[in-house]
Amino acid sequence: MTAEMIPRALIMPRTHETTESNKTGSWRFLRPRYENKTSPCSAACPAGEDIAMIEMLAGRGLFKEAWETILLENPLPGTCGRVCFHPCEGVCNRKDFDASVAVHDVERFLADVAARNDLKPVLEKLPRRPHRVAVVGSGPAGLSAAWFLGLLGYGCDVYEALPEAGGVLRWGIPEYRLPSPVLNVEIARIESGGARILRGRPVTMESLDGLRKDYSAVFLGCGLSRGAPLRISGEVPDAVTDGLVFLRNVRGGQPPPCDGLSAVIGGGNTAVDIARTVVRLGGKAAILYRRRREDMPAFQDEVSMALEEGVELHQLLAPEAIRPLGRRYGLVLKRMRVEGRDRDGRGRVVPTGETTEMEVERVFTATGAEAAQPWHRPPSGRGSGISLSHCVIVSEDGANPLVYGGDPVNETKNVTQAIASGKQAAMALDTFFQEGMEAVEARLAECRVGNGPALSMEIYMGGPRRLRSSHVVQPGEINTDYFRFGARMTQPRLLVEERIDSFDEIDLRVSAGTSIREAERCFNCGLCNQCDNCYVFCPDVAVRRGRDMNDRRIDYDYCKGCGLCAAECPRNAVTLEKEDAP
Amino acid sequence: MMRVLEGSHAVAEAVRLARVQVVSAYPITPQTHIVEILSDYCAAGGMDARFLRVESEHSCLAALIGAQSAGARTFTATSSQGLALMHELLHWSAGARLPIVMAEVNRALGPGWNIWSDQTDSLAQRDTGWIQLYCEDGQEVLDTTLQAFRLAERVNLPVMVVLDAFYLSHTHEPVDVPGQEAVDRFLPPYSPKFRLDTKEPFALSPLVPPSAYMEMRRDIARAMEEARACFRDVEAEFDAVFGRRYGPVEAVRCEDAEIILVASGTVTSTARLLLEELRSKGEKAGLLKIRMFRPFPAEDVRRALWRAKKAAVIDRNVSFGAGGIFAQEIRAALCNMPDRPQVFGFIAGLGGRDVTTAVLEDIYLQTKNGDVPPGESVWVGLQEVSHATGRA
Amino acid sequence: MQPDGRSREWMCSGHVGCAGCGAAVAMRFFLKAMGEKTILVVPACCWSVIAGPYPQSALKVPVIHAAFETGGATASGVRAALDMRGDTETTVVTWAGDGGTFDIGFQALSGAVERNENFIYVCYDNEAYMNTGIQRSSSTPYGAWTTTTPGRDWKKMRKKNIVEALVAHRIPYAATASIAYPEDLIRKAEKARSMKGSRFLHIFASCPTGWRIPSEMSVKIARMAVQTNIFPLYEVEDGVRYTINYRPKEYLVREYFRLQGRFRHLKEEDLDQIQGMVDEDWRLLLRKAGGGA
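Chains as they are written, first to last, in the numbering used here: chain A, 13 to 594; chain B, 6 to 397; chain C, 24 to 316.
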């Protein structure tokens, strides 16, 4: 037999299998896992809006989905997109990179797109409950309570004393900042969500007892509708007008005469609103503020616009007395100076001892607001019930609970805090109805966004947001290498000349392109946006992807725990932890 | 067709007839004529082959390793320093089981620079896993080169066809150059047992752990063993087509010889002349030509030598500290035989020095007259050297 | 990153590269650009090991492992054989480390590209002999510690500019790429694949083990090398047409050096000197690219 006739396989260095039988995952001592986290904006939002998600959806042009995501936490995006203090932007992780994302502009855009296209939100609702709740007041707190109770399956009757719903939103904010049609759309949506608004139906202390019997619970969201007096000599009705009343009359179509120079006392948005309204009615306005411009609680942007419009701002002047000067008034003002700092960081002011006098046509007050009726406030002292961050629940033995919410309860008083109050009340009542009062605090604590105090209705209702870590993403946890510098969008506005002639909304419509670009600037802190860096950079091909774009998992048979997926995740949606000891 | 060809030319003709597909070479005297002719064939269309004009012998063999792995029949030629530079890849090509064929023109290694005949260059590569075949004349060069492809491709080991510098590479002789059709009958187109293929991807020559390395080395050893038998088959097939065969060794008048000269390469031809002379004087002399050095044809050597009293091994090479390399191998082949012949080793003709019949006769006489072999090897044909000045 | 067209993997899990291995990332990207019709020649380097010990291969394309200094030559042979077989579709790629490219394989590489062999030569550069235990190569940067440039004897020679050496051969295409810029890397690999003749890709592939950096930093460091101008991303066609692909943010090299244990011993004045060298190299490149500084 010849050698050739004995076919023999060569035993040689030639491979015939893959490396996949090596379970190199056994090398791992750090373990990555996908974990969505909490964005600082959402934790800072009193309404706990899922801002990182909203921006992600908006950035992809999914405007309806983005809008619905807002509605799950806030029934008034058109309003908040315009008038919220947007604390979200103040804590934006992008702030120190270039500029924070214009969250409120995107929110306004989304609300306007929905309104223009008459979109109907498709939101998950819980099954109908037998309980009905009475809501007193249709301001932001009451509307919010009614909306969220509706999502949770409860029917609501909203009692509004005035012929139109909206409370401070309608009567306290000028048309040029919050046009009525915007508000009307929002209120209509809340009504179509199941709330019945009973307009021109004032509730008195006496009728409240009846409501408590007729309804399973009552939510009191009466707001603070009366301006605080100056408490100085010469403060007579002819000379001094409550600024809130003035604004209400203007919104109600009965603008008082505004000729000559009006003095506006205060430094908040109301003061600025009054002054700018005066200008629009043909008068002159001077804002007199006891501190400095930088200490004003009003939006700086609003102050700037007011100055552009001809409003005068006099700083470090506090009213001391008013005396008649013929048909006019002499406003005596103490000169103040800054000495040290207050606890809130603003300059502390003390009188210099000098005074000055200003001759004015009239004086408007805007130095704070009070409850119109004492019973709008929760009773002082500990009763039976619980006191939460944004509402107080009183439930005497056997009586149906009475929930106080909105500005009278909130430490910080603004629209979004009022919305937070209504939401908290809705959650608390649902828990009370289902599990009893003692379960309320623990149940609400589970729904905190980040470390609270904002609460999430999506979490409360068991949505995917509940899976997120409460860890609030810090700026250092963003891999900014993946982001290019991009200028923050500029909100187009009416010209000054156009502004002072009318009450038309100042902020103009923004294009979808601009809004998408702005939303795309968002880091989406803590949220996987399927960028796939984890998959791309894995040196071990250990990130597996399914058909679904969200289906991404780590194959621990092969993941060596190098951590590249976590480090290269631009937005901290991958967590790296010590592997448990074997 | 009979032609008068240089040994180098005979190699080139065989390579052309073997339908080699990739040739690579780096010039070194005395290999240059081979590659010049092949370059010409590749350029002029006489061969359908790619000629890679690489920048070193090392790259030359590396290129052939790549080409052969990708499924081409390949060839190179080199010499001396060039072969030494290839050393690493000689191991690699055998370990990778690639049937590369090389013409190795035996030339001395420097220093000092010496371009003339000497076998130390090729013999120093004896442990690399290459089959080595030493040629005596132009016809044998052509025939052996053709056989080399057949043998290499059967056992998946590379083959070195060795020819002496100048004495063979640059010497014109009549050579019967066969026709292509006949060669095709003997040597079918290359059909590799494996090749790089994107349809069936695998890795060649990866890291091999201790748990697998020895078996692969054993397989090379087995292939070498099989090459002995396989070579006989190849020669039989060659004989069937061309009517010639050479054998791994050639024993000339060894049956009744008392003293057998053992030679390789062109020295064999000189030894043939001396043998006639000695026999005519009544000397019981024989001649054993070693053609195959790796695998070493130990059985053939024993069969040729066992009756003799003495063997005189002529080595045109030296392994410093161990003497002539052929002598060592022959001693090793005989050492377990009872009544084995005595092996006398002689080193002659290094660096191209002429090994004349007189030198060979001296070797014969020293062997005949010696009682016992004097140590490793005896150097013959040396000049007087002044030990004081170091000058000859 | 839009991975769908490139979702097929040509590298297997279970390879034995170190955690965070930049060379593994480089291979993964590169093969996504190359696809099925690719034959790899791998001279001795980390990838000789990563690719898997017998009987395993970590790659789904044919691989021929080759002797250390033979990357250019072995590929020449593979190409020649494919040409003889009429296979013009398959791309032959040498995949070599910096040692096999800058040092021991430089001759074979120079020879191959001088012949304008039709292949792609990729040097994945981890700036030292990592497979053998972090010994210095001519790719090791000025200032680096290695096991053969220890202590005060840290490397005081510049890194060889391999791309410029290749450009001097006037090859059709030479480019740098980085594991931190996958799109750029894949684009260049695809571009190289579409061309003929000798093409050279120099891929910066960080080595957590040898550079003394945490494994999760390997991409970050590679990115910083680009951002600092230490490793500019550029490409050169026909040895003359320069294109700079990335205008760096010009971070200070200091930041890059501070993150790596291999540079820990450097003093402020050393870093200043290195900054000067980097600036000089960058200006030189700008001049070649015809761009103002």
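The C-beta atom is built at its ideal place from N, Cα and C for all residues, glycine as well.
field: Inter-residue Cα distance where the pair is B:G356 and B:R112
entry: 7 Å
field: Residue environment, C:D148, which counts as buried when at least 16 other CB atoms sit within 10 Å
entry: buried
field: C:R159, DSSP secondary structure in three states
entry: coil
is_contact[B:T203, chain C] using C-beta, thresh 8 Å: yes
task: Compare the beta carbon distance of B:E178 and B:L10 with 8 Å and say whether it is the shorter of the two.
output: yes
query: Who are the near neighbours of A:P191 in its chain, counting only those whose CB is closer than 7 Å to its CB and skipping five residues on each side?
result: E517
task: May I ask you to list, following chain order, the residues of the segment 66-81 of chain C that have a beta carbon less than 7 Å from some beta carbon of chain A?
output: G75, Y77, P78, Q79, S80, A81
task: Report the residue ranges of all alpha helix (DSSP H) runs contained in full by the segment 55-99 of chain C; include only those spanning at least 4 residues, in chain order.
output: 69-73
- prompt: Are the C-beta of B:E220 and some C-beta of chain A separated by less than 8 Å?
  reply: yes
query: If you measure beta-carbon to beta-carbon, which residues of the segment 177-192 of chain A are closer than 7 Å to chain C?
result: none
- request: Kindly confirm or deny that the segment 121-133 of chain B and the segment 162-178 of chain B touch, where touching means at least three C-beta pairs closer than 8 Å.
  value: yes
CB contact flag (B:V167, B:L138, <8 Å): yes
task: Indicate the three-state DSSP secondary structure (helix, strand or coil) for A:P193 in the structure shown.
output: helix
task: Following the continuous alpha helix (DSSP H) through A:C92, name the residue where it begins and the one where it ends.
output: 89-95
message: Measuring CB atoms only, is the segment 486-493 of chain A touching the segment 168-183 of chain A, in the sense that at least three cross pairs come out at less than 8 Å?
response: no
message: Quick check on B:P215 - is its C-beta less than 8 Å from some C-beta in chain C?
response: no
- request: Determine the chain A residues that contact C:S229 at a beta-carbon separation under 9 Å, and present them in chain order.
  value: Those within 9 Å of C:S229 in chain A number zero; the least Cβ separation is about 10 Å.
field: Any chain A beta carbon closer than 8 Å to C:P26
entry: The pLDDT assigned to C:P26 is 44, lower than 50, so where the model puts this residue is not dependable; a value taken from the coordinates is nonetheless given after this. Closer than 8 Å to some Cβ of chain A, the Cβ of C:P26 qualifies, so yes.
- prompt: Expressed to the nearest angstrom, what Euclidean distance is found between the alpha-carbon atoms of A:M217 and A:D560?
  reply: 57 Å
query: Which runs of the beta strand (DSSP E), 3 residues or longer, sit entirely within the segment 206-289 of chain A?
result: 207-211, 229-232, 252-254, 273-277
message: Assess contact between the segment 91-101 of chain C and the segment 68-86 of chain B, defined as three or more Cβ pairs (one per stretch) separated by less than 8 Å. Is contact present?
response: yes
field: Those residues which DSSP pairs with B:V257 across a bridge
entry: B:L292
Given A:G184 as reference, the closest of A:K225, A:S274, A:A283, A:R144 once Cα atoms are compared: A:A283
message: As a quick exercise: from C:R287, C:V48, C:I297, pick the residue whose alpha carbon is nearest that of C:N252.
response: C:I297
A:K49 in three-state terms, based on DSSP: coil
- prompt: For A:A499, which option in A:R478, A:T526, A:Q486, A:M473 has the closest C-alpha, if you only look at C-alpha atoms?
  reply: A:T526
Own chain, CB closer than 7 Å to C:V101, minus 5 neighbours either side, in chain order: I62, V64, I87, V115
- request: Closer than 7 Å by beta-carbon distance: list the chain C residues that pair up with B:G76, in chain order.
  value: A104, R108
query: Using a Cβ-Cβ distance under 8 Å, would A:F515 count as near chain C?
result: no
query: What first and last residue would you give for the alpha helix (DSSP H) that runs through A:Q327?
result: Here A:Q327 belongs to no alpha helix (DSSP H), and DSSP marks it neither H nor E.
message: Looking at the strands, I want to know which residues DSSP matches up with B:Q137.
response: B:M165, B:R299
query: When the Cα atoms are used, what is the spatial distance from B:A332 to B:R223?
result: 26 Å
task: Anything in chain B within Cβ reach of C:E59, meaning under 9 Å, just list it in chain order.
output: T203, K204, P206
- request: Note down, in chain order, all residues in the segment 235-256 of chain C with a beta-carbon under 9 Å from any beta-carbon belonging to chain D.
  value: The structure shown has no chain D; the protein chains it does contain are A, B and C.
query: Applying a beta-carbon distance threshold of less than 8 Å, which residues of chain C neighbour B:E62?
result: Per Cβ cutoff of 8 Å: no residues; B:E62 is ~10 Å from chain C at best.
- request: Anything in chain B within Cβ reach of C:S36, meaning under 7 Å, just list it in chain order.
  value: Residues of chain B passing the Cβ test: none, with the nearest at roughly 16 Å.
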